[in-house]
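Please read the structure below before turning to the comments.
Residue numbers (the working numbering): 490 to 579.
What follows is the structure, given as structure tokens:
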């Protein structure tokens, strides 16, 4: 149900915010590296954004605000570049 929509919107994010400084994870369906900045090459990335599929779809389509999702704990972020608010909604 969610797989294709998640993957399509992750690809759109990677296209809109090209780079490799942030890893966005939406398990179990996909992950992309995006946002310009220092490139990550080994181990756990320093800038990670992770959420479940319904949260990702709501953020990507504008049905949920970034700040609200983070405040409510629906999005887990780590690193100084892990703010996607300027890239969402898609």
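Even for Gly, the Cβ is constructed at its ideal location relative to N, Cα and C.
Minimum C-alpha distance to residue i - residue among the options
i           : options               : result
residue 517 : 527, 545, 523 and 502 : 545
residue 490 : 542, 554 and 502      : 542
residue 445 : 534, 557, 553 and 521 : The requested residue 445 does not occur in the structure, where the chain is confined to residues 490 to 579.
DSSP three-state assignment for residue i, whether helix, strand or coil
i           : result
residue 520 : strand
residue 552 : coil
residue 533 : coil
Residue i to residue j span [Cα, whole Å]
i           : j           : result
residue 540 : residue 515 : 5 Å
residue 547 : residue 562 : 14 Å
residue 536 : residue 526 : 11 Å
residue 576 : residue 519 : 18 Å
residue 534 : residue 568 : 9 Å
Beta bridge counterpart(s) of residue i as assigned by DSSP
i           : result
residue 510 : Bridge partners of residue 510: none, in fact.
residue 539 : 514 and 565
Assumed close pair residue i, residue j - CB separation to whole angstroms, cut-off 8 Å
i           : j           : result
residue 488 : residue 508 : Any property of residue 488 remains undetermined from this structure, which presents the chain solely from 490 to 579.
residue 505 : residue 579 : 6 Å
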